[in-house]
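Since the structure comes first, as structure tokens, the remarks are kept for the end.
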Amino acid sequence: MKYIVAGNWKMHLTHSEVLNLALELKESLIEQSRKIDIFVFPPTIFLKDVQDVLFGSLIKTGVQNMYFQDEGAYTGETSPLMLKSINCSLALIGHSERREYFKEDDEMLRYKLLACKKWDILPILCIGERLEERESGKTEDILASQITKALDKTEMERLVIAYEPVWAIGTGKTATPRQAQEAHAFIKKLVKHIMEKDVPVLYGGSVKVENAKELAREKDIDGFLIGGASLHKESFVKIVNEFIRMKNL
Ligand code: PGA
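Under the numbering used here, residues 10 to 258 are what the sequence shown spells out, in order.
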């Protein structure tokens, strides 16, 4: 199982800014991308151009969201068939912003996982509890419910999970290494029970240069999914380097 550090660029940056960032990462992460998997998730409109810039490097480009139908009258959506036609085989599924603002529920995410399986796209399924759920001691119930509903009868062969506590995303608040480790251990045990294999579990939620080291030290943190700090070459590269150093790679 390879470690993964991923950048989710969300709905940020213009065309030229995205291409500059991709080029800077290509030039700065040559050695690192031999040791760990490095993924970037640009806005869909720039996906193909980023792939072109990254051609010849080991950094992989994925989509932040996709629909589950192969084609049809679904205005504004992107299908797995379209992604495969540009050799994109990597997708974020169920990011908390998709769940919250675009009302994606567990049933829809289950269909999306099935579409990933059908088209051999590696899904990074994002899960995480809200603040009130954590404070009322329901974190494990929520995580278990999100996992079991999304994976129900999917018999997934390939999967990555990103644990992203909703209260830590874009807020500057980070789960403590201990909170993250506990959640990761719980997720791994449950997913192993369902899939009968180990899957990487990434931590996301205000990962920064300042906290990357202590989070990377935790044994069940297999990588990061980084939002804000992935928008700048300096911070993204520093986090990648810190992660590699802490894992002794
Ligand atoms: P953040 O976002 O690092 O800006 O908190 C993480 C994410 O949403 O993937």
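Note that CB positions come from ideal geometry on N, CA and C, so glycine has one too.
The model shown is predicted, which means the values in this text are computed figures rather than measured ones.
Assuming residue i contacts residue j under a Cβ cut-off of 8 Å, what Cβ separation, rounded to an integer in Å, is found between them?
i    : j    : result
E138 : L152 : 7 Å
L240 : L22  : 7 Å
D229 : V208 : Between V208 and D229 the Cβ distance is about 11 Å, and since that is not below 8 Å, they are no contact.
H24  : F55  : 6 Å
E251 : A221 : 4 Å
S88  : I130 : Between I130 and S88 the Cβ distance is about 11 Å, and since that is not below 8 Å, they are no contact.
Taking the alpha carbon of residue i as the point to measure from, which residue in the options has its own alpha carbon closest?
i    : options                   : result
L160 : G146, T148, I196 and G181 : I196
M204 : K162, T87 and G213        : K162
V260 : P132, D229, G213 and K201 : This structure cannot speak to residue 260, because the chain is shown only from 10 to 258.
E219 : D150, E166, F245 and T84  : F245
S37  : K247, N257 and K256       : K247
E86  : I68, F111, R119 and K198  : F111
R119 : T157, A177, C97 and N257  : T157
R167 : E113, W18, D115 and K201  : K201
R254 : T84, K182, E40 and E26    : E40
I170 : K198, E113 and D61        : K198
T259 : A184, D115 and T180       : Summary: the structure shown does not reach residue 259, with the chain confined to residues 10 through 258, and so no result is reported for it.
A238 : K206, E223, I178 and A194 : I178
H193 : E141, I136 and E142       : I136
G16  : Y83, R108, I68 and Q188   : I68
Rounded to whole angstroms, what's the CA-CA distance from residue i to residue j? Just pull it up for me.
i    : j    : result
T70  : L134 : 16 Å
V249 : V14  : 7 Å
F64  : A225 : 29 Å
K4   : I45  : Within the shown structure, residues of the chain are numbered from 10 to 258, placing residue 4 beyond reach of any answer.
E191 : S66  : 35 Å
S42  : K35  : 9 Å
M20  : P52  : 6 Å
G146 : K57  : 43 Å
N96  : E144 : 43 Å
Y172 : A31  : 25 Å
E227 : P186 : 7 Å
E80  : C125 : 14 Å
K93  : W128 : 7 Å
M165 : I47  : 22 Å
V59  : W18  : 12 Å
M117 : Q78  : 11 Å
K256 : D150 : 30 Å
K182 : V175 : 10 Å
L140 : L90  : 37 Å
Q188 : E223 : 12 Å
Can you confirm whether residue i, when its beta carbon is compared against all beta carbons of chain D, has any partner nearer than 9 Å?
i    : result
E149 : Absence of chain D from the displayed structure is noted, only one protein chain being present.
Worksheet item: Counting Cβ pairs, one atom from each stretch, are 3 or more of them under 8 Å apart for the segment 201-215 and the segment 230-246?
Response: yes
Practice prompt. For the segment 72-81 and the segment 102-120, state whether three or more C-beta atom pairs, one from each stretch, are separated by less than 8 Å.
Written response: yes
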